[in-house]
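The next block holds one structure in the form of structure tokens; read it before the comments.
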Amino acid sequence: MLRSLIFFWLGMVTSVWGAEQAATPPESIQVHPGFQVELLHSAREEDGSWISMTFDDQGRLIIARDDAGLVRVVLPTESSPLTVETLAFTNVLKHCRGLLYAHHSLYVSATNTPALYRLRDLNDDDIFEEFELLRKIDYRSRYGHGTNQILLGPDQNIYWVIGNDVSFPEAFDPQSPYRDPRNDWALPHPHDAGQDNRVGFLLKTDPDCQTWTIMAGGFRNQVDAAFNADGELFTWDADMEWDAGLPWYRPTRINHVVSGGEYGWRWGTGKWAEWYPDSLPTTHDTGYGSPTGLEFGTNSDWPRPFQKKLFAADWQNGRMLAIDLTPIGATYSATSKLFLEGAPLNICDLTFGPDGQMYFITGGRGSQTGLYRVTYVGPHSPVEQPDITESQLREATKHRAVRRELEELH
Numbered sequence: 002m003l004r005s006l007i008f009f010w011l012g013m014v015t016s017v018w019g020a021e022q023a024a025t026p027p028e029s030i031q032v033h034p035g036f037q038v039e040l041l042h043s044a045r046e047e048d049g050s051w052i053s054m055t056f057d058d059q060g061r062l063i064i065a066r067d068d069a070g071l072v073r074v075v076l077p078t079e080s081s082p083l084t085v086e087t088l089a090f091t092n093v094l095k096h097c098r099g100l101l102y103a104h105h106s107l108y109v110s111a112t113n114t115p116a117l118y119r120l121r122d123l124n125d126d127d128i129f130e131e132f133e134l135l136r137k138i139d140y141r142s143r144y145g146h147g148t149n150q151i152l153l154g155p156d157q158n159i160y161w162v163i164g165n166d167v168s169f170p171e172a173f174d175p176q177s178p179y180r181d182p183r184n185d186w187a188l189p190h191p192h193d194a195g196q197d198n199r200v201g202f203l204l205k206t207d208p209d210c211q212t213w214t215i216m217a218g219g220f221r222n223q224v225d226a227a228f229n230a231d232g233e234l235f236t237w238d239a240d241m242e243w244d245a246g247l248p249w250y251r252p253t254r255i256n257h258v259v260s261g262g263e264y265g266w267r268w269g270t271g272k273w274a275e276w277y278p279d280s281l282p283t284t285h286d287t288g289y290g291s292p293t294g295l296e297f298g299t300n301s302d303w304p305r306p307f308q309k310k311l312f313a314a315d316w317q318n319g320r321m322l323a324i325d326l327t328p329i330g331a332t333y334s335a336t337s338k339l340f341l342e343g344a345p346l347n348i349c350d351l352t353f354g355p356d357g358q359m360y361f362i363t364g365g366r367g368s369q370t371g372l373y374r375v376t377y378v379g380p381h382s383p384v385e386q387p388d389i390t391e392s393q394l395r396e397a398t399k400h401r402a403v404r405r406e407l408e409e410l411h
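Numbering (this note's numbering), first residue to last: 2 to 411.
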């Protein structure tokens, strides 16, 4: 009897453990009408937990593991299943929160190494033989507020997103549009004792990473950024959870990032007020959350209104927002609606594939990973979108052109 009970208990534990190792099923995910979500892969123990991804020039996904190393995923077809391959020699790259395949190279933002690397396949054998260290970063934490995502700009330059636990790189370029952040406290509050003036910022560099510019700063921990069809840059900044309920709390927020922009995040009471003339305000507040992946639908095969939306993943709340941006002067106003959500659905990254569909991964902090695809299956008929007249669009284009002319005078 005792032996039977032991085997029954072991069977129950095995069953529960097996259930815990499966990614959230699509039927547990609520998505905007007209779309469907597919679970392409539920990661096995040997796959690890996944945190960032990019498509290579052959339409394959390269994905970073939470702890160390990279994998390559070949998506399923009608005749072949999905495959996951560990990339050789990449375990030296630890906790890579940013990946970008561009200019025949794989750029890797290795947060816990910490540096920016370029990997290249020199003889077309599908192995990255060359590991080039491009830039080291003075990272002073271990909680993921360091080197974040990498993206390709419309100017074909590389943009690197850096969180607030990195020492500010004064020596990169003394003539950068953004430089020399300070706390500017006349009378520091005791609450702020022991804190420093580290802030998040964005770097711009050429494909060979020979010249570096600090483009904007004053963020907390903006994990990702995205360009819209007009070449305007946006990011989604994190809140400071310790400040919740206090007068100086700032919620997560979408920011329109402009050259030389100061966005005013500082430790504790030192945050710059939005009415400061030299601090740029929020574009759209999004409440409590944990911002991760960010991507415009520009390259999607979805109806045109969705191609204009900014999709923003919230790791903490298991949701993705669809954000509508309306031109106003040389910047934008915004509104947001829920696009999809699940429980759990800790989304780490999202991107659009060469097939025009959205792909996203769950994972992070050792949690279960799932690889999902979102496709549009509804009618290709008009979908609600913000009312913007042609005259408004023309005026906004003029205002942005003037702003960019002024930015050249930094």
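Cβ atoms here follow ideal geometry from the backbone N, Cα and C, with glycine treated the same way.
For E408, the closest alpha carbon among the candidates A194, R221 and P178 is that of P178. In the three-state DSSP reduction, A217 falls in the strand class (E or B).
With a contact defined as Cβ atoms closer than 8 Å, D325 and A335 qualify at about 6 Å.
Below 8 Å, too few C-beta pairs join the segment 74 to 81 and the segment 101 to 111 to call them touching: fewer than three. Between V258 and P292, the alpha-carbon positions lie close to 16 Å from each other. Within a 10 Å sphere around the beta-carbon of A397 sit 16 or more other beta-carbons, which makes this residue buried. Between the alpha carbons of T84 and G262 lies a gap of roughly 43 Å. Linking R221 to I362 through their CA atoms gives a straight-line distance of about 23 Å. The C-alpha of R61 is placed about 9 Å away from the C-alpha of P355. Under the DSSP assignment, R121 falls outside any alpha helix (DSSP H), being part of the beta strand (DSSP E) whose first and last residues are A116 to R121. Distance from the CA of D125 to the CA of L135, rounded to the nearest whole angstrom, comes to 22 Å. Closest by C-alpha distance to L117, out of W276, S106, K137 and G265, is K137. Bridge partners of I52 according to DSSP: none are assigned. Cβ-Cβ distances below 7 Å link L40 to A24, P26, P27, G371 and Y373 in the same chain, with the five nearest sequence neighbours on each side left out; the list follows chain order. Annotation: the continuous alpha helix (DSSP H) that includes F307 extends over R305 to Q308. By the CB criterion at 7 Å, I329 and T284 fall outside the cutoff. Under the DSSP assignment, K399 falls in the alpha helix (DSSP H) whose first and last residues are E391 to E408. Counting only unbroken stretches of 3 or more residues, the beta strand (DSSP E) elements lying wholly within the segment 261 to 289 are 285 to 288, in sequence order. For W237, the number of other beta carbons within 10 angstroms of its own is at least 16, and it is reported as buried. Rounded to whole angstroms, the separation of the alpha carbons of Y250 and E242 is 8 Å.
With a cutoff of 7 Å on beta-carbon distance, R320 and E342 are scored as near each other. 7 Å or more divides the Cβ of E296 from the Cβ of L247. Residue pairing from DSSP places C97 in a beta bridge opposite A111. By the criterion of a C-beta distance shorter than 6 Å, D127 is surrounded by no residue of its chain, once the five residues flanking it on both sides are discounted.
For W316, there is no enclosing beta strand (DSSP E), as DSSP gives it neither H nor E.
N158 places its beta carbon 7 Å or farther from that of D209. Looking at Q369, A344, E391 and E406, the one whose alpha-carbon comes closest to that of Q31 is A344. The straight-line gap separating the alpha-carbon atoms of D279 and R180 is approximately 13 Å.
Between A69 and K95, the C-beta gap is smaller than 7 Å, which places the two residues in contact. A Cβ-Cβ separation of about 7 Å places T253 in contact with Y289 under the 8 Å criterion. Taking D244 as the centre and dropping the five residues before and after it, the same chain places the C-beta of Y250 closer than 7 Å to its C-beta, in chain order. For E342, DSSP records a beta bridge to Q31 and R320. DSSP places D350 within a strand segment (E or B) once states are collapsed to three. Residue nearest to E47 within the set D286, T55 and D67 is D67 (criterion: CA-CA distance). Note that the C-beta distance between P304 and H381 is below 7 Å.
P175 places its beta carbon 7 Å or farther from that of N198.
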